[in-house]
Amino acid sequence: MSTYQNDTILKMINGEQTDRFPVWLMRQAGRILPEYRAIRSSLSGFKELVETPELAAEVTIQPVDILGVDAAIIFSDILVVPEAMGLPYQMIEKKGPWFENVIANEADLKLVSDKIDVADRLGYVVDAIKCTKKELNNRVPLIGFAGAPWTIFCYMTEGQGSKTFSKAKRILYSNPALAHQLLDQITNVTIEYLKLQIEAGADIIQVFDSWAGVLDQSTYSEFGTKYVSRICEAINEVPVTVFAKGAYYAREELATLDCQTIGLDWNMDVEESRRIIGMDKTLQGNLDPCVLYSDFKSIERKTKNLLNSFGNRRHIANLGHGVYPDTDPEKVKCFIETVKAHSIN
Numbered sequence: 004m005s006t007y008q009n010d011t012i013l014k015m016i017n018g019e020q021t022d023r024f025p026v027w028l029m030r031q032a033g034r035i036l037p038e039y040r041a042i043r044s045s046l047s048g049f050k051e052l053v054e055t056p057e058l059a060a061e062v063t064i065q066p067v068d069i070l071g072v073d074a075a076i077i078f079s080d081i082l083v084v085p086e087a088m089g090l091p092y093q094m095i096e097k098k099g100p101w102f103e104n105v106i107a108n109e110a111d112l113k114l115v116s117d118k119i120d121v122a123d124r125l126g127y128v129v130d131a132i133k134c135t136k137k138e139l140n141n142r143v144p145l146i147g148f149a150g151a152p153w154t155i156f157c158y159m160t161e162g163q164g165s166k167t168f169s170k171a172k173r174i175l176y177s178n179p180a181l182a183h184q185l186l187d188q189i190t191n192v193t194i195e196y197l198k199l200q201i202e203a204g205a206d207i208i209q210v211f212d213s214w215a216g217v218l219d220q221s222t223y224s225e226f227g228t229k230y231v232s233r234i235c236e237a238i239n240e241v242p243v244t245v246f247a248k249g250a251y252y253a254r255e256e257l258a259t260l261d262c263q264t265i266g267l268d269w270n271m272d273v274e275e276s277r278r279i280i281g282m283d284k285t286l287q288g289n290l291d292p293c294v295l296y297s298d299f300k301s302i303e304r305k306t307k308n309l310l311n312s313f314g315n316r317r318h319i320a321n322l323g324h325g326v327y328p329d330t331d332p333e334k335v336k337c338f339i340e341t342v343k344a345h346s347i348n
């Protein structure tokens, strides 16, 4: 394990004593920073940036240099996994992802495979991690990530974002065997992909289950946590964080996963979550991203209230979801600096 100039986040995850809470932001790489937009505007599109290792590394490191966060997270996208499996996607400006082909029945499974050379198809992410590690030069740890199988399943069956993901859910109820077959394939590829990220230098892995909240408790247990659990059990080289947005009902089950950190969205009360999840895991989150639209004094007050809710327990300060693209970077800095100035008693 490398020695970092700033290892606060790793110490916190491991339950070691720190003098303050570590802080980083989901979607910190890009979106809000003019420096990111300058690079992005010179390219043909979002995917060119994802697939160009040197540029992906550059925007990964920008928040460390500009915002002062305690960890970098590799600039990539969760949808590189379905593309590697055989379903290419487009990222349409101001609309989001779009898949020309989707999985709707057994016949469509011929479009995808988990018997692929993951290292070859996703080598650009591996190269971006290697490049980032070199440029970071052990200043802070690097977070790698992937989408949870259920969330990837949503995009592979719906073809785009959705408020309900009713097409994805229809398969769960009408053809559960197909659902489990596709989820199993996604899980296999995801595990191999994450192990490649770790081999390339990722110090922490985060699994994003962005659409966990569209399922009820029993359905999420069967089609969601079952596969996240497989990933957690397979990844034992570095700490794993699971962020299941909207799955407030699943916190007790999430607490049983073989992971070190549970991410909380802004609807999951910190103190209640600590009671449910227990003392053996680190929690992460959970300021509402919209708080950062407030004035500076309000951001500082809300952040201090959040930090006080942590007590002196294991917690990583973060937002309850990704930072929104129209957020003022100076207000993001206010949040970060308030966290870093707060001592743990």
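Numbering-wise (the working numbering), the sequence shown opens with residue 4 and increments by one. Beta carbons: idealized from backbone N, C-alpha and C, even for Gly.
As assigned by DSSP and simplified to three states, the class of residue i
i: Q93; result: strand
i: S346; result: strand
i: D261; result: coil
i: F246; result: strand
i: H183; result: helix
i: Q65; result: helix
i: I155; result: helix
i: R3; result: Outside the shown range of the chain (4 to 348) lies residue 3, about which nothing can therefore be said.
i: A205; result: coil
i: G126; result: helix
i: V210; result: strand
i: Q31; result: coil
i: G325; result: coil
i: G281; result: coil
i: Q163; result: strand
i: A107; result: coil
i: V218; result: Per the sequence presented here, residue 218 reads as Leu, with Val not at that position. Coil, per DSSP.
i: G48; result: coil
i: L82; result: coil
i: L70; result: coil
i: I76; result: strand
Whether residue i touches residue j by CB criterion (8 Å)
i: W153; j: A237; result: no
i: T190; j: V84; result: no
i: F211; j: G150; result: yes
i: I35; j: V335; result: yes
i: M88; j: V115; result: yes
i: F226; j: L175; result: yes
i: Y92; j: V62; result: no
i: L290; j: L309; result: yes
i: D268; j: H324; result: yes
i: V67; j: L28; result: no
i: I279; j: A258; result: yes
i: L145; j: T135; result: yes
i: Y158; j: E54; result: no
i: Q351; j: D117; result: For residue 351 there is no data in the structure shown, the boundaries of the chain being 4 and 348.
i: S232; j: L260; result: yes
i: I208; j: L197; result: yes
i: N270; j: L181; result: no
i: L125; j: L199; result: yes
i: L58; j: I42; result: yes
i: A171; j: P56; result: no
i: Y251; j: P292; result: no
i: S213; j: K166; result: no
Residues near residue i in its chain [Cβ-Cβ closer than 6 Å; skip 5 each side]
i: E240; result: I201
i: T341; result: E303 and T306
i: V217; result: F168
Short CB-CB distance (under 8 Å) between residue i and chain D
i: E240; result: The structure shown contains no chain D; it holds only a single protein chain.
Cβ shell of residue i (< 8 Å), same chain only, five flanking positions each side left out
i: S224; result: A253 and E256
i: S301; result: V294
i: V121; result: A87, V192, E195, Y196 and L199
Neighbourhood of residue i by C-beta, 7 Å cutoff - its chain only, sequence neighbours within 5 removed
i: T285; result: M15, I16, Q263, T264, R317, H318 and I319
i: G48; result: M94
i: I347; result: T21, D22, R23, F24 and N315
i: T222; result: L175
i: G18; result: R317
i: I64; result: A75, T135, E138 and L139
i: S276; result: R254, L267 and L286
i: C337; result: F299, I302 and E303
For residue i, the first and last residue of its enclosing alpha helix (DSSP H)
i: L145; result: Taken as a continuous stretch (DSSP letters only), L145 belongs to no alpha helix (DSSP H), being part of the beta strand (DSSP E) at L145 to G150.
i: A37; result: Checking the sequence shown, residue 37 turns out to be Pro, not Ala. Here the alpha helix (DSSP H) through P37 covers P37 to S44.
i: M271; result: Here M271 belongs to no alpha helix (DSSP H), and DSSP marks it neither H nor E.
i: A171; result: S169 to S177
Presumed contact (8 Å Cβ cut-off) between residue i and residue j, rounded CB distance
i: A75; j: V143; result: 6 Å
i: Q8; j: F102; result: Wrong, their Cβ atoms sit about 41 Å apart, outside the cutoff.
i: G147; j: A205; result: 3 Å
i: V26; j: I339; result: 5 Å
Residue i, enclosing beta strand (DSSP E) - first and last residue
i: L286; result: T285 to Q287
i: F102; result: G99 to F102
Residue i beta carbon near the ligand ZN (any heavy atom closer than 7 Å)
i: V192; result: Inclusion of the ligand ZN in the displayed structure is not the case, the ligand content being empty and no account of it being possible.
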